[in-house]
Each structure stands twice: as C-alpha cells, then as structure tokens.
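Engineer:
In structure tokens, the structure reads:
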C-alpha cells in the first residue's frame, strides 16, 4: 500500500539523550515535512525538504536536525538541546499541491 | 509569511444540527486552501481542498467549504453533523509555490447526542 510510515508510534526518552524519529514514504513525492503538534497550538513546521540532499529550517528548528539522503526517507533527530521535546510529531509528504500525513509519533521525555 | 486563524477553539453542537467552522488567512496572494480532520492520536486526513476554479468546494463525509477571496476566508460547513464527526479540524494554507503549509490552531468539534 502507498503511504507514509512513521515509527515508532510511541517513544520514551530520558533527558539528555538524542532520539531519531523515522519517516518513510513510497509515494514518490519530492517534498517532505516535519511538524510538531502541541495541544492548542496547531502544527508548527520544524524542517522541510523539497528535494534529496537539501532541506530548510522551518519555524521551530532549534534543537532538531534532519537528513534527506534518499527520496523515500526523512528522519528527524530530537537532540538534547531541545528544551521541551515532549510532543506529537507528524511527518508529511507532498507531490506539490497537497500534503499527505503519517500517523504520528508521540515522544515523551521521562 | 502566512498566518491562519481559527477563531473557535471548541465548537459544541447537537447531532443532526448544522455547523460552521471558521478560518481566515492573512495574505491575498494566490493561495491553496485545505481542511484536514484529526482523530485522537492519529495523523491528519484531508477533508477538502481549494486549488482553483469554483469557490464552493465539496469534500468527504458531507463537508463543504467556500473560498471568499475578498474576506480571505475559507469556512467549513456541514448541514447535519453526526456523532462520528467529533474530531479536531485544521485549516491550512499554502502559497502557490507550495514550499510551506501553514496551519491554524485547530477547532475541536464535539457532537452531542
């Protein structure tokens, strides 16, 4: 089935540790996005990539890093520099006129 | 940069009543407009989109929205809601280069029996 797969669905991290969230798509979309969702704040853009080996910071990139080595994959690393990482993270991809979303990863810092 | 305003954070409504969820955006340049629905702990599902053409857009599950360029609005409507419509709804806007998608803060629709 075509779609966007985010893994894992739930993730727990100890303070001070880096953690990587996976996002894979088999829709052959050029563009991919990472959003963070907090209650009452909607979706805020962390990073986006329009093409392989290129990506741009979104509105809240501090404490996060990404890579885009393959068209299908856009992993997000939450570093220890992110002060408040507990949130729901959504990955999306786009063919240029509409965004398709994964099911999200809920990250909890313990 | 665009900003998207959803004035109502929560909308309670009785089953079979009509509902309107409001969305306004900031820029009058050429835009694409979207409504997404999110059920708890899930991703976003596209309800409908406006890219061009008719300003009245019909989507899934009986929803529709009207693009009003002069008022920079894209309100979502349904003539008769069902319990299963209980969810959070997000309005989104993209400029026509589609580099970024801007989301509103969401409206929680609570349909009561």
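Chains as they are written, first to last, in the working numbering: chain A, 741 to 850; chain B, 199 to 311. Virtual Cβ for every residue (Gly too), placed ideally from N, Cα, C.
Strictly under 8 Å for the Cβ-Cβ distance: is residue 844/A near chain B by that measure?
Structural biologist: Yes, residue 844/A lies at the interface with chain B (some Cβ there is under 8 Å from its Cβ).
Engineer: Measure the CB-CB distance between residue 746/A and residue 812/A and report whether it falls below 8 Å.
Structural biologist: No, Cβ-Cβ distance for residue 746/A and residue 812/A is not below 8 Å.
Engineer: Establish whether the CB of residue 841/A and some CB of chain B are separated by less than 8 Å.
Structural biologist: Output row for residue 841/A: interface = yes.
Engineer: How many whole angstroms separate the CB atoms of residue 845/A and residue 754/A, which I take to be in contact at a CB cut-off of 8 Å?
Structural biologist: Not really, about 17 Å apart at Cβ, beyond 8 Å.
Engineer: May I ask you to verify whether the stretch 199-211 of chain B touches the stretch 239-247 of chain B, counting CB pairs closer than 8 Å and requiring at least 3?
Structural biologist: Result no; under three Cβ-Cβ pairs closer than 8 Å.
Engineer: Residue 770/A by DSSP, collapsed to three states: which one?
Structural biologist: It is coil, neither helix nor strand.
Engineer: Roughly how many angstroms separate the alpha carbons of residue 840/A and residue 215/B, rounded to a whole number?
Structural biologist: Using only the alpha carbons, I get a separation of about 30 Å.
Engineer: Beta carbons nearer than 7 Å to chain B: which residues of the stretch 748-759 of chain A have them?
Structural biologist: Those residues of the stretch 748-759 of chain A that come within reach of chain B (Cβ to Cβ, closer than 7 Å) do not exist; the list is empty.
Engineer: Using only the alpha-carbon positions, how far apart do residue 305/B and residue 210/B sit?
Structural biologist: Going by the C-alpha atoms only, they are around 10 Å apart.
Engineer: Among 801/A, 831/A, 808/A, whose alpha-carbon lies nearest the alpha-carbon of residue 823/A?
Structural biologist: Selected option, being the one with the closest Cα: 801/A.
Engineer: Give the straight-line distance between the Cα atoms of residue 286/B and residue 778/A, rounded to the nearest whole angstrom.
Structural biologist: Looking at the two C-alpha atoms, the distance is approximately 13 Å.
Engineer: What is the DSSP secondary structure of residue 778/A, counted as helix, strand or coil?
Structural biologist: In the structure shown, residue 778/A sits in coil (DSSP, three-state: anything other than H, G, I, E or B).
Engineer: Determine which residues share a DSSP beta bridge with residue 210/B and list them.
Structural biologist: Partner(s): 308/B.
Engineer: Closer than 7 Å by beta-carbon distance: list the chain A residues that pair up with residue 303/B, in chain order.
Structural biologist: The answer, in chain order, is 780, 781, 782.
Engineer: Residues of the stretch 788-816 of chain A in Cβ contact with chain B at a cutoff of 9 Å, in chain order, please.
Structural biologist: Result list: 788, 790, 796, 798, 799.
Engineer: Return yes when the Cβ of residue 254/B is within less than 8 Å of the Cβ of residue 262/B, no when it is not.
Structural biologist: Yes, they are a contact pair.
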